[in-house]
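Participant: Residue numbers (this note's numbering): 132 to 327.
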Amino acid sequence: MDKDELMGVIEGLLFVAGDNGLSNKQLEEIIAAPIEDINDAIEKLKIEYKKSRRGLQLIDIADTLRLATKVEHLGYVKALAISPIHSGLSQAALETLAIVAYKQPITRIEIEEIRGVKSEKALQSLANKLLIKENGRAKGTGRPILYGTTPQFLDHFGLNDIAELPALPDQVEEFYEEEEADLFLNNLELEELESN
């Protein structure tokens, strides 16, 4: 393996390792190259990162090498970290997203019928995070907005296509049918008690 290829391999491995980083020994075991060649490639990478105007640097902390953003770009990194696109999802948003993913295209009213509660805020949050989008309008009164998932949704959940979503178990349908039957029977019993 030539030095340029070795540098590319090290860079790729450090990217995948993320915050955990890799020690020189781990790099040596993974790459199966002499440690001297690995050390030379690391030094060359450090020099390239320093002299270029790139956003990354190699840092070595406690004998662990990591890729990190340069301090001068901290403002941009903070802006990304606090953007609504990268904040977590609430339980309501997760429920709404699951409904949209499995039932798309679907209207807000249909989502609310399934969830039993209002879903405007959850839909807005998901749209802000680019996980769902407007997918046209339904026919009929008022022509309500239809919602569907986005390519970012697929990327976020590691899917190539919406068809790769896991199938819903049959028990879910059976569970809801039993719940509805129990609710109906409970209501009948209450009516009988009230009439007596």
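Using N, Cα and C, we set each Cβ at its ideal position, and we do this for glycine too.
The model shown is predicted, which means the values in this text are computed figures rather than measured ones.
Taking D191 as part of the alpha helix (DSSP H), name the residues at either end of that continuous run.
Facilitator: No alpha helix (DSSP H) holds D191; the beta strand (DSSP E) holding it covers 187-192.
Participant: Jot down the residue ranges of each uninterrupted alpha helix (DSSP H) in the stretch 232-309, minimum 4 residues, whole runs only, in chain order.
Facilitator: Entirely contained in the stretch 232-309, the alpha helix (DSSP H) runs reaching 4 residues are, in chain order, 239-246, 251-259, 282-287.
Participant: With DSSP run on the structure shown, which of helix, strand or coil describes T225?
Facilitator: With the sequence shown as reference, residue 225 is identified as Leu, and Thr is not the correct amino acid for it. Taken through DSSP and simplified to helix, strand or coil, L225 comes out as helix.
Participant: Pull up the CB-CB distance for V231 and I237, whole angstroms please, since I reckon it's below 8 Å.
Facilitator: 6 Å
Participant: By the 10 Å Cβ neighbour count, where 16 or more other Cβ atoms means buried, how is L137 classified, buried or exposed?
Facilitator: buried
Participant: On the DSSP bridge list, what partners appear for A148?
Facilitator: None; A148 has no bridge partner.
Participant: Please classify A253: is it buried, with 16 or more other beta-carbons within 10 angstroms of its beta-carbon, or exposed?
Facilitator: buried
Participant: Give the secondary structure of L196 by DSSP, where H, G and I count as helix, E and B as strand, and everything else as coil.
Facilitator: strand
Participant: If contacts are defined as beta-carbon pairs under 8 Å, then L187 and L198 qualify, I think. What distance do you get, rounded to the angstrom?
Facilitator: 5 Å
Participant: Out of I190, D194, T195, state which residue places its alpha-carbon closest to the alpha-carbon of V202.
Facilitator: I190
Participant: Since D194 contacts K134 with CB under 8 Å, what's their CB separation in whole angstroms?
Facilitator: About 23 Å; that fails the 8 Å criterion.
Participant: In the DSSP assignment, find the alpha helix (DSSP H) that holds D171 and state where it starts and stops.
Facilitator: Judged by DSSP secondary structure, D171 falls within the alpha helix (DSSP H) whose first and last residues are 166-182.
Participant: Look up L220 in the DSSP assignment and say whether it is helix, strand or coil.
Facilitator: coil
Participant: Could you give the distance in angstroms between the alpha-carbon of I141 and the alpha-carbon of L285?
Facilitator: Taking the CA atoms as reference points, I141 sits about 29 Å from L285.
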